[in-house]
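Visitor: Before I ask anything, here is the structure I am working with.
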Amino acid sequence: MVLSQRQREELNKAIADYLSNNGYNNALNEFMKEADMPAEIDKKYGGLLEKKWTSVIRLQKKVMDLEAKLADAEKEYIAGAPSRDKRSPIEWVPRPPEKYSLSGHRAPVTRVIFHPVFSIMATSSEDATIKIWDYEAGDFERTLKGHQDSVQDLAFDQTGKWLVSCSADMSIKLWDFQAYECVKTMHGHDHNVSSVQFMPSGDFIISASRDKTIKMWEVATGYCVKTLTGHREWVRSVRVNPDGSLLASCSNDQTVRVWVVSTKECKVELREHDHVVECVEWAPESANSAICEGAGSDMKKGSNRAGPFLASGSRDKSIKIWDISTGVCVFSLIGHDNWVRGVRFHPGGKYLLSAADDKTLRIWDLKNKRCHKTLEAHQHFCTSLDFHKNSPYVITGSVDQTVKVWECR
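Quick look at the structure:
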């Protein structure tokens, strides 16, 4: 390294100061003679060499620390997340902070759902609109208007070409999701329609209402072809099992009912909740082994657990897992501090996710029947959540009018 004349003189003076301070007088005299320096050394060079030396060591340590951090960050960037490469997709769970917080709705968000094919999601709100967003980019796409009152629920068919919505205006609307226009409006319920779903075939729609009934509608004609009665109060939610043979519904009458679609009969009535049951969800087959292990200690309630299994979330703050073949509650998940508003099984089957009025999103370990992780998700009640079937994303909606996208890893 080449020093300029001035730098060389300053360094020489600093060395001379160091030698004189430490009593190396012979060396100092020789050095001053050889370096051709004046006898007097300026005070400002006092202790300069030590200062420089220590600061160089300190900076060197800092550089090494930063280089290590950068190497970690690069590894994380390549792997996509902290230690994602060590974890299989079955283990992926949403991690804070959220990837996007999307605002646009002017009233509480009532439902959030993923599109089965494209990287978009649909959200509904008490502002009577449906909004479409790109969850990967965090962009707003469009608004679907047509309902006159709060939109309560949304569902896509399996192809993603059709969207169905239901509303407090007592109507159900079918939207062509390629042209983004409403093609049918179905009337027949006498009160707020709170839940809607496509049958797996896509030929029929099922709906539940505050008029205490569940109705089945033919997509082609828009006609109501079946009405199921039995609940004594507002029916909050209805869900179809994967093969379309059974329906599960839950109600303000504090029960969960399972119906046989072909005969319209109520196969089983599940009563253990102490308050309104807000949501039900069929367990995927991938969850059966975890549920059976969780129920293991209680096997006396019926040793050959065949399933199918069903999860229900209630205003009594609990989530219950039911064995439909026996009509028994195999276990409860306790931990939320307020009404449970939404439940979703992890596609891997190991976990159940729930959203609640305690503003959290919780991940439950089914095998051990305990809360695995709690995310402080929103500023206000969490009303809805969805877990993408094959991409690592979870979405939540809230009374705070925002929709949040969470990445899983």
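Count along the sequence shown starting at 1, add 1242, and that's the number in my numbering. All C-beta atoms in this analysis are idealised placements derived from N, C-alpha and C, irrespective of residue type, glycine included.
#1: For the stretch 1474-1491 against the stretch 1429-1442, are there 3 or more C-beta pairs whose distance is under 8 angstroms?
#2: What whole-angstrom Cβ distance do G1584 and T1625 have, given they're in contact under 8 angstroms?
#3: Rounded to the nearest angstrom, how far is the Cβ of A1370 from that of S1392, given a contact under 8 angstroms?
#4: Shortest alpha-carbon distance to W1524 belongs to which of K1611, T1352, G1555?
#5: Is the stretch 1528-1537 touching the stretch 1489-1496 in the sense that three or more CB pairs, one from each, lie closer than 8 angstroms?
#6: By Cβ distance below 7 angstroms, which residues in the same chain neighbour A1548 in space, the five residues on each side in sequence not counted?
#7: From D1579 to R1604, what does the alpha carbon distance come to, in whole angstroms?
#8: Which residue or residues does DSSP assign as beta-bridge partners of K1426?
#9: A1281: buried (16+ other C-beta within 10 angstroms of its C-beta) or exposed?
#10: Pull up the CB-CB distance for L1617 and P1338, whole angstroms please, since I reckon it's below 8 angstroms.
#11: May I ask you to list the residues that DSSP assigns as paired with V1502?
#12: Take every Cβ of the stretch 1376-1383, pair it with every Cβ of the stretch 1401-1416, and state whether three or more of those distances are shorter than 8 angstroms.
#13: Opposite Y1635 in the DSSP bridges: which residues?
#14: Taking the CB atoms as reference points, tell me whether K1562 and H1515 lie closer together than 8 angstroms.
#15: Helix, strand or coil, according to DSSP, for Q1302 in the structure here?
#16: Starting from the N-terminal side, write out each stretch of the beta strand (DSSP E) that is 3 residues or longer and does not extend beyond the stretch 1546-1582.
#17: For W1606 and L1595, what's the separation of their Cα atoms in angstroms?
#18: List the endpoints of the continuous alpha helix (DSSP H) containing F1273.
#19: Three-state secondary structure (DSSP) at W1334?
#20: So what does G1584 bridge to, in DSSP terms?
#21: Looking at the secondary structure, which residues open and close the beta strand (DSSP E) in which S1451 lies?
#22: Excluding the five sequence neighbours on either side, which residues of its own chain have a C-beta within less than 7 angstroms of the C-beta of A1258, listed in chain order?
#23: Is the beta carbon of I1447 sitting closer than 8 angstroms to the one on L1470?
#24: By Cβ distance, which residues of its chain are closer than 6 angstroms to K1543, with the 5 residues on each side in sequence left out?
#25: Which residue wins for smallest C-alpha separation from V1435, given the options V1500, G1591, D1395, V1467?
#26: Out of F1573, H1588, A1597, state which residue places its alpha-carbon closest to the alpha-carbon of V1582.
#27: When you compare only the Cα positions, how much space is there between G1288 and Y1260?
#28: Taking N1263 as the reference, give the member of D1565, L1291, W1295, D1432 with the closest Cα.
#29: Just the Cα atoms here: how many angstroms apart are A1397 and T1352?
#30: Could you check what DSSP says for Y1287 in three-state terms: helix, strand or coil?
#31: Does the distance from the C-beta atom of H1433 to that of S1451 stay below 8 angstroms?
#32: Between I1372 and S1407, which are expected to be in contact by the criterion C-beta below 8 angstroms, what is the C-beta distance as a whole number of angstroms?
#33: Under 8 angstroms between the Cβ atoms of G1477 and K1454?
#34: Name the two residues that bound the continuous beta strand (DSSP E) containing R1513.
Guide: This is what the structure gives:
#1: yes
#2: 7 angstroms
#3: 6 angstroms
#4: G1555
#5: no
#6: S1567
#7: 11 angstroms
#8: L1416
#9: exposed
#10: 5 angstroms
#11: L1488
#12: no
#13: E1649
#14: yes
#15: helix
#16: 1551-1556, 1560-1565, 1570-1576
#17: 6 angstroms
#18: 1267-1277
#19: coil
#20: A1597
#21: 1446-1451
#22: L1270, F1273, M1274, M1279, I1283
#23: no
#24: Confidence in K1543 is poor, its pLDDT being 49 and thus under 50, which makes the residue's placement too unreliable to answer from.
#25: D1395
#26: A1597
#27: 8 angstroms
#28: L1291
#29: 13 angstroms
#30: helix
#31: yes
#32: 6 angstroms
#33: The residue asked about is misnamed: residue 1477 is Val in this sequence, not Gly. Yes, they are a contact pair.
#34: It is not in any beta strand (DSSP E) - R1513 carries neither H nor E in the DSSP assignment.
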